[in-house]
Amino acid sequence: MSKEEIRIKEIISYLETLAPRAYQESYDNAGLIVGNSSNHVSGVLISLDATEEIVDEAIATGCSLIVAHHPIVFKGLKTLTGSNYVERTVIKAIQHDVAIYAIHTNLDNVLDGVNAEIANIIGLKNQRILAPKSGILSKIVTFCPKDNTGEVLAALHEAGAGHIGNYDHCSFRVAGTGSFRPNDKANPHIGTPHQLEQVHEDRLELIFPSHLSQLIVNTLQTAHPYEEVAYYLTSLQNQYQEVGSGMIGTLPEPMQPDKFLAHLKEVFDLQVIKYTPVNKKIHTVAVCGGAGSFLLESAKKQSADAFVTSDFKYHEYFDAEGRVLVADIGHYESEVSTKNLLHRKLKQKFTNIALRLSKANTNPVRYYL
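For our numbering, count along the sequence shown from 1 and bump the result up by 419.
Next up, the structure:
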């Protein structure tokens with residue numbers, strides 16, 4: 420496959436299998452922000468932010484696509500006059516035919532995403548989602564002639580149904596009798612018009628992520644032998660342990676607070692850390708890339724000794740109550756490793772296009788020491 424055969428939409432499709440846009444937060448604007456998804460990709464520039472400086476870097480390095488963690492546009496633009504950095508960035512990208520794609524809170528919320536990267540840098544073991552989401556799973560129930568159960572299940576599993584934690588191909592079936600009577604317009608797989616039929620059928624039940632609903636239904640209708648397929652969908656309130664906010668895990672060995680802070684400073688190459696003191700060793704650690712104060716209660720409920728995040732407000736530090744060491748390491752510092760995560764993921768799939776890590780430091784914050 421030549422470089423010219425890779426289109427932006429192929430890269431987007433791959434990234435959204437890793438972090439479906441359905442998993443982004445309601446306030447977010449992940450996805451293709453600037454550009455035509457049918458355009459060819461001359462190269463990909465991977466960055467934390469999408470700013471004018473990043474667009475300039477993409478132009479200079481011959482990259483027609485920027486994959487950034489943070490969206491340059493969060494809210495609708497009413498004008499494009501270049502009056503602020505957002506408008507100037509968008510205008511420059513359009514002028515130079517540079518596409519901008521953002522993979523933001525959807526990448527935060529998946530098991531192998533931003534927060535796992537942070538946890539790995541710290542060296543945490545036994546990692547799990549800190550605050551799993553609920554309401555994003557569905558169940559499909561359908562009824563199938565026993566002779567066709569195998570092929571229908573295989574198709575549904577291939578489409579993404581029946582995955583639960585470390586198990587796949589999960590389903591439930593129970594035997595029963597289905598009855599129906601075709602009319603004159605029917606073309607039944609089994610039976611004759613105007614005659615009541617009774618068929619040995621299996622009732623099949625499978626769980627799947629809700630954003631796959633249309634794919635699952637289409638797959639069922641294609642694989643099922645009946646002309647009219649009986650099925651129903653149910654939304655579930657189960658927590659989905661593979662999708663949610665933050666991450667929590669344990670250090671290989673407990674550390675004194677000062678040693679833990681020194682460890683953070685080293686592995687994240689930090690100039691300064693804002694923190695709340697505790698009088699205990701640090702063993703269980705929660706993390707959240709970017710602004711994470713909303714997860715402090717979850718960290719406390721799960722007995723975290725430390726919470727590594729950023730963007731705490733003054734009064735929010737009091738909520739630690741001496742129970743958890745809140746380490747505010749800075750927004751940029753907590754998430755800049757996302758560039759390496761995206762580079763690794765893209766390199767695994769696309770070996771024939773230029774993948775470049777941005778060399779720019781887009782952190783708007785400076786420290787006077």
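Even for Gly, the Cβ is constructed at its ideal location relative to N, Cα and C.
For this session: For lysine 558, name the three-state secondary structure that DSSP assigns.
Result: Three-state result, lysine 558: strand.
Exercise. So what's alanine 538 in DSSP terms, helix, strand or just coil?
Worked result: helix
Problem set entry | Pair within 8 Å by beta-carbon distance, leucine 467 and threonine 480 | Going by C-beta atoms, leucine 467 is not nearer than 8 Å to threonine 480.
Exercise. Taking the alpha carbon of alanine 605 as the point to measure from, which residue in Tyr645, Ala538, Gln640 has its own alpha carbon closest?
Worked result: Tyr645
For this session: Closer than 6 Å by C-beta to histidine 619: which residues in its own chain qualify, once you throw out the five before and the five after it? Chain order, please.
Result: Lys565
Exercise. Which value, in whole angstroms, describes the spacing of the CA atoms of glutamate 444 and tyrosine 659?
Worked result: 15 Å
Exercise. Using the rule of at least 16 other Cβ atoms within 10 Å of the residue's Cβ for burial, across every protein chain shown, is asparagine 525 buried or exposed?
Worked result: buried
Problem set entry | Residues near proline 622 in its chain [Cβ-Cβ closer than 7 Å; skip 5 each side] | It is worth fixing the name first, because residue 622 is arginine in this sequence and not proline. Contacts found: Val560, Phe562, Arg592, Val593, Gly595.
Exercise. In three-state terms, what does DSSP make of glycine 597?
Worked result: strand
For this session: Identify the continuous alpha helix (DSSP H) that holds leucine 623 and give its terminal residues.
Result: Careful: leucine 623 lies outside any alpha helix (DSSP H), inside the beta strand (DSSP E) at 616-628.
Exercise. Hey, would you say the C-beta of asparagine 455 is under 7 Å away from at least one heavy atom of the ligand MG?
Worked result: In the structure on display, the ligand MG does not appear, and there are no ligands present to speak of.
Problem set entry | Own chain residues within Cβ distance below 6 Å of isoleucine 425, not counting five before or after | Counting only Cβ-Cβ distances below 6 Å, and skipping sequence neighbours, we find Val460, Ile772.
For this session: Could you work out which residue in Glu616, Val662, Thr728 is closest to isoleucine 583 when comparing CA atoms only?
Result: Val662
Exercise. By a C-beta neighbour count over all protein chains shown, 10 Å radius and 16 as the cutoff for buried, is histidine 613 buried or exposed?
Worked result: exposed
Problem set entry | Exposure of glutamate 672, with buried meaning 16 or more beta-carbon neighbours within 10 Å | exposed
For this session: Please report how far the alpha carbon of methionine 420 lies from the alpha carbon of phenylalanine 769, in whole angstroms.
Result: Unreliable positioning characterises methionine 420 in this predicted model, as indicated by a pLDDT of 41, which lies under 50. The coordinate reading is nonetheless provided below. Using only the alpha carbons, I get a separation of about 10 Å.
Exercise. Hey, which unbroken runs of the beta strand (DSSP E) at 3 residues or more fall wholly within the stretch 709-740?
Worked result: 725-729
Problem set entry | Reduced DSSP category for histidine 750 - H, G, I as helix; E, B as strand; rest coil | helix
For this session: Taking only the alpha-carbon atoms, compute the straight-line gap between serine 756 and leucine 572 and give it to the nearest angstrom.
Result: One C-alpha to the other measures close to 40 Å.
Problem set entry | Neighbourhood of isoleucine 701 by C-beta distance below 7 Å, restricted to the same chain and skipping five residues each side | Leu670, Pro673, Met674, Pro676, Phe679, Asp724, Ala725, Leu744
Exercise. What residues in its chain sit with their C-beta under 7 Å from that of leucine 499, if we drop five residues either side in the sequence?
Worked result: Excluding its 5 nearest sequence neighbours in each direction, leucine 499 has C-beta neighbours in its own chain below 7 Å: Glu506, Val509, Ile510, listed in chain order.
Exercise. Under a Cβ-count criterion, where at least 16 other Cβ atoms within 10 Å of its own Cβ denotes burial, should phenylalanine 687 be classed as buried or exposed?
Worked result: Phenylalanine 687 should be labelled buried.
For this session: Figure out for me which residue from Ile522, Cys482, Glu476 has the closest Cα to the Cα of valine 492.
Result: The shortest C-alpha separation from valine 492 is found at Ile522.
Exercise. Is DSSP giving leucine 670 helix, strand or coil here?
Worked result: strand
For this session: Just the C-alpha distance for proline 628 and glycine 554, rounded to the nearest angstrom, thanks.
Result: 9 Å
Exercise. Where are the alpha helix (DSSP H) runs, 4 residues long or more, that stay fully inside the stretch 424-456, in chain order?
Worked result: 427-437
Exercise. Skipping 5 residues on each side, what residues in its chain have a beta carbon closer than 6 Å to that of glycine 749?
Worked result: Ser729
Exercise. What number of angstroms, rounded off, separates the C-alpha of arginine 440 from the C-alpha of asparagine 458?
Worked result: 21 Å
Exercise. Per DSSP, glycine 584 is paired with what?
Worked result: BP columns for glycine 584 are empty, so no partner.
For this session: Go through its chain and collect everything with a Cβ distance to leucine 689's Cβ below 8 Å, but skip five positions before and after it.
Result: Leu683, Ile748, Gly749, Glu752
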